[in-house]
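Below you'll find the structure, written out as structure tokens, and then a few comments.
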Ligand SMILES: [Cu+2]
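Numbering (our numbering), first residue to last: -13 to 142.
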């Protein structure tokens, strides 16, 4: 065997697993359509919405953080004794290849004390923490008080 053909066969062995991985095209875990509706009242929290897309394996969304607000909580709106109320939630299951939407009237973020400069700049970076250790950072688009949902992010 010439040194050259030996090199070629080594390369073939090394590249085979990578090609297989590329062909399998695993579904990524990701977050998109993130936006925040800024509260018209400085003393009440703003609401945040987004969509989580599950990857190959089920995970849990454990927390959402930002350094542009004093505090972020995950909430769920529920009907209780005939009226809508909301309660904090600590973890949200994301099924493999499934979709979980935080949307008006359902699950949502409450952001307390959103930084005024971030509001002015029109975006708030959110860090999503998952049970598999993934940290995903997504810019949430800021909608000022009274504005409608951004185009193509309306509920359907
Ligand atoms: Cu809430």
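Think of the CB as a built atom: it goes at the ideal place given N, C-alpha and C, for glycine as much as any other residue.
In the structure shown, what three-state DSSP assignment does residue i receive?
i: residue 105; result: helix
i: residue 69; result: strand
i: residue 49; result: strand
i: residue 143; result: As shown, the chain starts at -13 and ends at 142. That puts residue 143 outside it, with no answer to give.
i: residue 24; result: coil
i: residue 56; result: coil
i: residue 63; result: strand
i: residue 74; result: strand
Confirm the yes/no value for this check: CB of residue i, any heavy atom of ligand 1, distance under 7 Å.
i: residue 96; result: yes
i: residue 61; result: yes
i: residue 70; result: no
Using the DSSP secondary-structure output, state which residues sit across from residue i in a beta bridge.
i: residue 32; result: 97
i: residue 126; result: 110
i: residue 152; result: Outside the shown range of the chain (-13 to 142) lies residue 152, about which nothing can therefore be said.
i: residue 79; result: 46
Say whether the segment 59 to 75 touches the segment 8 to 25, bearing in mind that this needs 3 or more beta-carbon pairs closer than 8 Å, one atom from each stretch. no
Counting beta carbon pairs with one atom in the segment 77 to 95 and one in the segment 28 to 43, are three or more of them shorter than 8 Å? yes
If we count Cβ pairs, one from each stretch, closer than 8 Å, do we get three or more for the segment 95 to 111 versus the segment 120 to 133? yes
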